[in-house]
Amino acid sequence: MYVCICNGVTDSQIRQAAANGCREVSELTMRTGAGATCGSCLDMAAGLLDDYHAAARRAPVIDLPLIASAA
Numbered sequence: 000m001y002v003c004i005c006n007g008v009t010d011s012q013i014r015q016a017a018a019n020g021c022r023e024v025s026e027l028t029m030r031t032g033a034g035a036t037c038g039s040c041l042d043m044a045a046g047l048l049d050d051y052h053a054a055a056r057r058a059p060v061i062d063l064p065l066i067a068s069a070a
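Residue numbering for the sequence shown follows numbering that gives the first Met the number 0, starting at 0 and increasing by one per position.
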């Protein structure tokens, strides 16, 4: 779904930016252009960033054994 119509930024692009470490809307604007024109999408974009990082904090950590050396 398009979040920023002015600059053609989708929700999946915002999630991808979040996955690549983007945490602030200002950084998201620099990376994707979302909100750079009229700004009406900034609340939704911020919500998507927040939702992504909240879900990442709730994700279970899988404790895998450390492999000392590879074959």
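Positions of the beta carbon are idealized from the N, C-alpha and C atoms, including for glycine.
Considering only residues of the same chain and omitting the five flanking positions on each side of S11, which have a CB-CB separation below 6 Å?
-> none
Determine the closest residue to D49 out of T36, L63, C21 and P59, with distance taken between C-alpha atoms.
-> C21
Thinking T31 and A16 are a contact (beta carbons under 8 Å), I'd like their distance in whole angstroms, please.
-> 6 Å
Based on the DSSP secondary-structure assignment, which residues constitute the bridge partners of T9?
-> Y1
Roughly how many angstroms lie between the CA atoms of E26 and A44, to the nearest whole one?
-> 11 Å
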